[in-house]
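Accompanying notes for the structure given below.
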Amino acid sequence: MSTNGTVALSMNELVSALALCGYSEIANQILNDATLVENEEEEKRFIREVEQLLHQKGYLDVTRESLLVSGLENLIHLLVQSREKVRCVDVKKRHVLLLHRVHDSKTLVQHVKGNEHSFSFHDPQKGFLNLLGHFFASNPRRKKPEDILPME
């Protein structure tokens with residue numbers, strides 16, 4: 001796991017982690033939507049390659065039932081089980097920011113850039129203005145998030 005509190009996964013790694021945690025239906029839906037695998041031979045190759053990538057990143061633990069380190073397994077469960085979500089899309093950059101409310105004191109932040117998903121936690125008590133301002137900022141000459149008046 002990352003030392004800076006961020007977990008980065010490719011779409012393929014995310015699909016595999018979902019399947020290993022028991023969310024095969026979600027994993028299959030992503031596989032089908034993205035047409036990542038078209039036949040059984042490709043599926044076997046996909047599994048081997050992704051397993052190797054997860055191992056290189058230190059996310060595999062063969063002593064556990066899911067084969068994933070506990071931190072990644074817990075993150076996947078939080079991701080899937082969160083019921084309140086907000087989705088923000090930056091059309092120009094083709095980035096997506098998903099905020100998954102985990103608890104009153106914790107929000108799981110998922111930032112999707114192309115094929116890469118990064119996950120971190122945010123304290124909702126700090127508000128979301130800076131987080132959203134940073135996500136949507138495309139021009140450094142624009143107003144800073146702290147200069148924007150809150151809506152009433």
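According to full-length UniProt numbering, the sequence shown holds residues 1 to 152 in order.
Glycine included, every Cβ here is placed at the ideal spot set by N, Cα and C.
{"Query": "Sequence-distant residues of its chain with Cβ nearer than 6 Å to L97 (five each side left out)", "Result": "C88, H111, F135"}
{"Query": "Bridge partner(s) assigned by DSSP for T63", "Result": "According to DSSP, T63 bridges with nothing at all."}
{"Query": "Coarse secondary structure for A8, derived from DSSP in three states", "Result": "strand"}
{"Query": "Per-residue burial, L18 [other beta carbons within 10 Å of its own, 16 or more giving buried]", "Result": "buried"}
{"Query": "E38 - containing alpha helix (DSSP H), residue span", "Result": "Run containing E38: none; DSSP gives neither H nor E here."}
{"Query": "Continuous beta strand (DSSP E) stretch holding H102: start and end", "Result": "The question names His, but residue 102 in the sequence shown is Val. It spans 95-103 - the beta strand (DSSP E) in which V102 sits, taken as one unbroken run."}
{"Query": "Reduced DSSP category for Q82 - H, G, I as helix; E, B as strand; rest coil", "Result": "For the sequence presented, residue 82 should be read as Ser rather than Gln. Residue state, collapsed to three classes: coil."}
{"Query": "Unbroken alpha helix (DSSP H) run spanning F128, endpoints", "Result": "Per DSSP, F128 belongs to no alpha helix (DSSP H) and is neither H nor E."}
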